[in-house]
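Enquirer: Those letters in the first sequence? Residues 29 to 471, by this note's numbering. Every residue, glycine too, gets a C-beta built ideally from N, C-alpha and C.
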Amino acid sequence: MYDLAFVRGNLPLLEERLSLRGVDSSLLDGFSSLDAERRSAITEAETLKAQRNALSAEFGRMKREGAETTAIAAKTLALKEKTEQLEAVAVEADQKLRSLLESLPNLPHESVPAGASEQENFCEKTWGEIPSFDFPAKPHWEIGEHLGILDFERAAKISGARFVLQLGSGARLERALANFMLDLHTREHGYVEVLPPSLVNSRSLFGTGQLPKFAEDLFHCDDKGPYVAGEFQENDHWLIPTAEVPVTNIFRDEIIDLSNGSISFTAWTPCFRSEAGSHGKDTRGMIRQHQFQKVELVKFTRPEDSYAEHEALTRHAEAVLERLGLPYRRMLLCAGDMGFSSAKTYDLEVWLPGQQTYREISSCSNFEGFQARRANIRYRPAGARKAEFVHTLNGSGLAIGRTYLAILENYQQADGSVRIPGALQPYMNGETVITRQSLGRAL
RNA sequence: GGAGAGAUGGCCGAGUGGCUUAAGGCGCACGCUUGGAAAGCGUGUAUACCGCAAGGUAUCCAGGGUUCGAAUCCCUGUCUCUCCGCCA
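#1: Using three-state DSSP, classify Q261 as helix, strand or coil.
#2: Helix, strand or coil: how does DSSP classify I315 here?
#3: With C-beta atoms as the reference, is S390 less than 8 Å away from A451?
#4: So T420 is in the beta strand (DSSP E); what residue range does that whole segment cover?
#5: So A295 packs on V275, CB below 8 Å; how close in whole Å?
#6: DSSP state of M456, grouped into three classes?
#7: May I have the straight-line CA-CA distance separating Y305 from P240, to the nearest angstrom?
#8: Starting from L8 and walking both ways along the beta strand (DSSP E), at which residues does that stretch end?
#9: Would you check if there are 3 or more beta carbon pairs closer than 8 Å linking the stretch 376 to 394 to the stretch 334 to 352?
#10: Quick check on L421: buried or exposed, where buried means 16 or more other Cβ atoms within 10 Å of its Cβ?
#11: Would the beta-carbon of S68 be found less than 7 Å away from any heavy atom of the ligand ZN?
#12: With 16 as the cutoff for other CB atoms within 10 Å, does V348 come out buried or exposed?
#13: With a CB to CB cut of under 7 Å and the five nearest residues on each side skipped, what residues in its chain are close to Y219?
#14: Would you tell me roughly how many angstroms separate the C-alpha atoms of C362 and P40, rounded to the nearest one?
#15: With a 10 Å radius around its C-beta and 16 neighbouring C-beta atoms as the bar for buried, classify P449 as buried or exposed.
#16: Pick from L467, V446, P454: whose alpha carbon is nearest that of V461?
#17: On the three-state DSSP scale, how would you describe M209?
#18: Return helix, strand or coil for R464, following the three-state DSSP convention.
#19: Counting along the chain, where does the alpha helix (DSSP H) carrying K185 start and finish?
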């Protein structure tokens, strides 16, 4: 969300930059008249209120002196009525203005290329060697089912489409990945581990920008009744689509201390996505699930530090891929392909031999003050009286499900077994290869 | 789920209808004092919005209501605490 005064002073700039993102600039057409309407109603209403307040004080004085007060009481009542009408006008204009501002996506940073779709993303670098196999590389679902570590059919029976059941060494591999990533980020990259709630209220989802526009992508619990569009409660429940939501909202409505630099959190959580609108996309395997796990990186920074921190955070995510020996490339997203709240985003894409393509495994974004304004997260700049909005950043470090399938595909062997990357072996009780699971009578 | 108590500024805490944006204390900042420090003394210390400005408006958990006037009275909700019940 933008600052009202900023929009007022920079309308042409906004229209131009938002058009880079494919935002219809007519959205801003109503701004000026709404703004003027709101301001004049407020000014008038407040003038009347000041008069009423003065009359009330006068009333008190007269009452104490025993004077006649019916005339003055009638006067204030008349003023009250007028004031209430004006206030209603002000509130309506204010709400319209606010929902207009809330619906605008963030401005792309100068370094972000123009473009409408992922076709125009820019590849900044590639890392690692694409493995070649002397046998036909299989997709992960075939590998996993053959090994007996992935069971999509039973997951469908239990829960429906887009769920998976992981078993034996396959379940342990998921846990090993989480521990490996958390240890790397906390021990070597300076992040503080947090374990946040997996259910959040709608105020939190507003703060990070998922609500009100993207409600259909989320799972909503109706224990407090249905979601009313645009109403942000502190007592309703949604399943988190990413740890970004609870972790960024840790400091909602707070003034935090950044005098010693940024605050960095890492969190391992389940993530839940309805995947509405992606019917028929990635239906096989565990690329696109309703539930997956992710280790997330979140930073709160001073504005002047955020772009350096964005590079650092992206490197922290890349380090995971490099330690695991997974080939990847870094894409700088063009304006049209970025998320709603982001000013600049790098996607990391991992090579999947089974599908002969790169797929997104991490998304690292700088939101500048966009989320901080929605969530009201501020800090006091050194020597300044007034608190300013912080910059927030986050990135996957990494999506565990996708890392998992990348390992299956990149480390597969001719006999169907899968080698375990060295960095992961200490987390796998010394296992070095996953072979066809003997799960005894379990299945 | 049942019963009760509570929510006031960065923190503690007073305040049951006008003289309360809110006493007092702590903390913090600045100044005086001092060889220097502590103590002491003095001054200052919320946010948002409207206004060219002077200034004004709003905010004592949130939302409604009563009243000429609400931190204060009434209703609803949220959260916290205590006890009971249930429970991983």
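Expert: Put simply:
#1: coil
#2: coil
#3: Against a cut-off of 8 Å, the Cβ pair of A451 and S390 comes out as no contact.
#4: 419 to 427
#5: 5 Å
#6: Correct three-state label for M456: helix.
#7: In the sequence on display, residue 305 carries Gly and not Tyr. Cα to Cα, the separation comes out at about 17 Å.
#8: As displayed, the chain neither begins before 29 nor continues past 471, which places residue 8 out of reach and without an answer.
#9: Yes, the stretch 376 to 394 touches the stretch 334 to 352.
#10: buried
#11: Of the ligands one can find in the structure shown there are none, so the ligand ZN has no counterpart to examine.
#12: buried
#13: These residues qualify, in order along the chain: H213, S292, F293, T294, L325.
#14: 21 Å
#15: buried
#16: V446
#17: helix
#18: coil
#19: 180 to 186
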